[in-house]
Amino acid sequence: MEREAMEFDVVIVGGGPAGLSAAIALKQHNADLSVCLLEKGAEIGAHLLSGALFDPVALKELLPDSWQEAPLGIPVSDDQVYLLQNDSRALQLPHWAVPPRMHNAGCHILSLGNLCRWLARQAEALGVEIYPGFTASELIMENGRVKGVLTGDLGLDRAGNPKADHVPGMALLGRYTLFAEGARGHLGKQLVAQFGLENSAQPQHYAIGFKELWQLPSGQSHAGRVLHGSGWPLGKEGSNHSHGGFYLYHMEGDQVAVGLIVDLNYQNPWLSPFDEFQRLKHHPLIAEVLKGGERISYGARAITKGGWHSLPHMHFPGGLLIGCDAGTLDFSRIKGIHTAMKSGMLAAKTVAMSLKGGDEGGRDLAEFGDALQQSWLAHELKTARNFGAALHRYGPWLGGAFNWLEQRLFHSRLFREGSPFTLLDREPDYRQLRMASRCEPIDYPKPDGKLSFDKLSSVYLANTSHDEDQPCHLKLQDEQIPVEVNLATWAEPAQRYCPAGVFEIIEAEREPRLQINAANCIHCKTCDIKDPSQNITWTPPQGGSGPNYPNM
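Taking full-length UniProt numbering as reference, the numbering of the sequence shown is continuous, increasing by one, and the terminal residue is 552.
See below:
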């Protein structure tokens, strides 16, 4: 098919903090560069979800004269960490017992979507062309290098045939292309495989993070208060030592953000991360805060949390991987916005300097690796490199003690690279599942409609929207595997790990079959990560589809 083409100096895929920071920094380095940014959401921020605690260090570097004009929410004023011992007891850790990197002085509680909407305005003021509602569906390759991306067609029916309103995708060509798609990026995943970018130390690791926004009765919140914790309900009642933790952030206007992060290396296929989150809210520590409140928004998203040991090579002929597409989040701090921004800024400087020197584009920007190594981003990730593996190997008590000792003893000028120890977690998350017959099913209580809710009512609050008559964006490599392999071996865990009720086994007919309710999808990409057969591939649906988070 003949496609229209547009040429730019730099094409950026993804309108999150990494992509927008790269766009702004490119224009700061050279105002004459032509920069195009694609965002698959209906608007900038529509698909962005984070807790979010924000360290403004990178924003101060990027926009030193105007960073305070950004929608920074409210500064952290009160920092608390708890261990939930069971469904009714909570132990608050004293300040000295909390690993230093989990202290949040100087950070802000904000909406990542609102921050990125503001960053988009700064980028557009500098001349960046931003196209929301357009997916980057395919790579454009030429002679072994990336030349740009194809945008997805609009107006295809379920069978992939053009409808009356069909608009073919365009070729967006760049001298360099930066990929900032977020966790488990569709094209980033292809680039890692195609160019052999995997880190040989350990595979990438992921979690699924949930978030609900609640409106509380007037005067019931404590603006600026931050609660983090671990323990119950994870690791209990047959969930086979699942790991993760909760957060509760008191925001402005008597609103709170509450959520649960569940590591996707859990073993019990009967575990439902969504239902674990709903159960969490009945703990008195959480329930007392939410009492009388109204849930106004819901979302879930995969989190790239492998850290330094899992970072792929981020440079390849014709482009760079940045932000959570590569995995720059610092899980020891439960923060990734500032690190994503810094990776975008480093990428912009590398590209701008290369083009300034007469580079025609398309080469492998290996110097980006050197710039990364010399930055505070690399130092931060290196010093936290053992955090996740310690928790996975030793659990929250011993692993937490290891992390506390490591951070107390080795985060000093004497140990610029942090601890001399190296802990690795070499097993991919999807391989961790045990056979369903070897695990105890988990009996989750029915939602009460006050603190806990079902998946469908939650998806409604995510404002998700997909044209029912478009190709299914959740691709099965083999349509027989869900029933013949996954159902028989793991009781088809997709029914439970999906936070939106997308996957459903229909048993009423002669033979069970998998039904995919693609219109429910909130683009968390957990299915692409956790499917034990690696049979599901998440691809972007028609541009503008998916959730539409107003201020998450």
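Just so it is clear, CB atoms sit at the ideal spot from N, CA and C, and this is done for glycine as well. Only a predicted model underlies this, so the values are computations on that prediction, with no experimental measurement involved.
- Residue environment for residue 376: exposed (fewer than 16 other C-beta atoms within 10 angstroms of its C-beta).
- No Cβ-Cβ contact shorter than 8 Å links residue 508 with residue 531.
- Closest option to residue 223, judged by alpha-carbon separation, among 194, 444, 57, 77: 77.
- For residue 459, the enclosing alpha helix (DSSP H) stretches over residues 455-461.
- Residue 43: not part of any beta strand (DSSP E); DSSP gives it neither H nor E.
- Less than 8 Å separates the beta-carbon of residue 269 from that of residue 434.
- Inter-residue distance for residue 214 and residue 258 is about 8 Å (C-alpha atoms, whole angstroms).
- Separation of residue 140 and residue 524 (C-alpha to C-alpha, rounded to the nearest whole angstrom) is 25 Å.
- Closest in alpha carbon position to residue 226, among 54, 128, 263, is 54.
- At the C-beta level, residue 246 and residue 191 stay beyond 8 Å of one another.
- Excluding five sequence positions before and after residue 50, the CB atoms of its chain that fall closer than 7 Å to its own CB belong to 112, 337, given in chain order.
- Between residue 458 and residue 298, the gap from beta carbon to beta carbon is short of 8 Å.
- For residue 539, same chain residues with a beta-carbon under 7 Å away, outside a window of 5 residues either side, are 186, 473, 475 in chain order.
- Membership of residue 142 in the beta strand (DSSP E) is indicated by the continuous run 136-142.
- Under the DSSP definition of a beta bridge, residue 6 partners with 172.
- Taking a cut-off of 8 Å for Cβ pairs, the region 125-138 and the region 362-377 do not touch, as fewer than three such pairs fall below it.
- One alpha carbon belongs to residue 137, the other to residue 7, and they sit about 17 Å apart.
- Comparing alpha-carbon positions, the option among 271, 278, 169 lying closest to residue 439 turns out to be 271.
- Beta-bridge pairing by DSSP links residue 192 to no other residue.
- Contact between the region 97-113 and the region 294-311 is absent: fewer than 3 CB-CB pairs across the two stretches fall below 8 Å.
- Per DSSP, residue 263 is one residue of the beta strand (DSSP E) stretching across 255-263.
- Nearest Cα to residue 358 within the set 9, 3, 4, 56: 9.
- Of all alpha-carbon atoms in 88, 266, 127, the one lying nearest the alpha-carbon of residue 28 is that of 127.
- If you look at residue 298, you'll find it in the beta strand (DSSP E) that goes 294-304.
- One Cα belongs to residue 332, the other to residue 313, and the distance between them is close to 22 Å.
- Of the candidates 193, 23, 372, the residue whose Cα lies closest to the Cα of residue 33 is 23.
- Shown here for residue 231: same chain residues with a beta carbon closer than 7 Å to its own, the five before and five after excluded, namely 83, 84, 85, 396 in chain order.
- Here the alpha carbon of residue 387 sits roughly 10 Å from the alpha carbon of residue 393.
- If you ignore the 5 residues before and after residue 506, its C-beta comes within less than 7 Å of the C-beta of 512, 513, 515, all in its own chain and listed in chain order.
- Judged by DSSP in its simplified three-state form, residue 432 adopts helix.
- For residue 351, the enclosing alpha helix (DSSP H) covers residues 337-356.
- Between the beta-carbon of residue 116 and that of residue 20 there is about 6 Å, and that keeps the pair under the 8 Å contact cut.
- Under a 10 Å Cβ-count criterion, residue 96 is classified as exposed, with fewer than 16 other Cβ atoms of the shown protein chains found around its own Cβ.
- Here the region 484-491 makes no contact with the region 321-335; the two share fewer than three CB pairs at distances below 8 Å.
- In terms of CA proximity to residue 441, 267 leads the group 529, 267, 94, 114.
- The Cβ atoms of residue 302 and residue 522 do not sit closer than 8 Å to each other.
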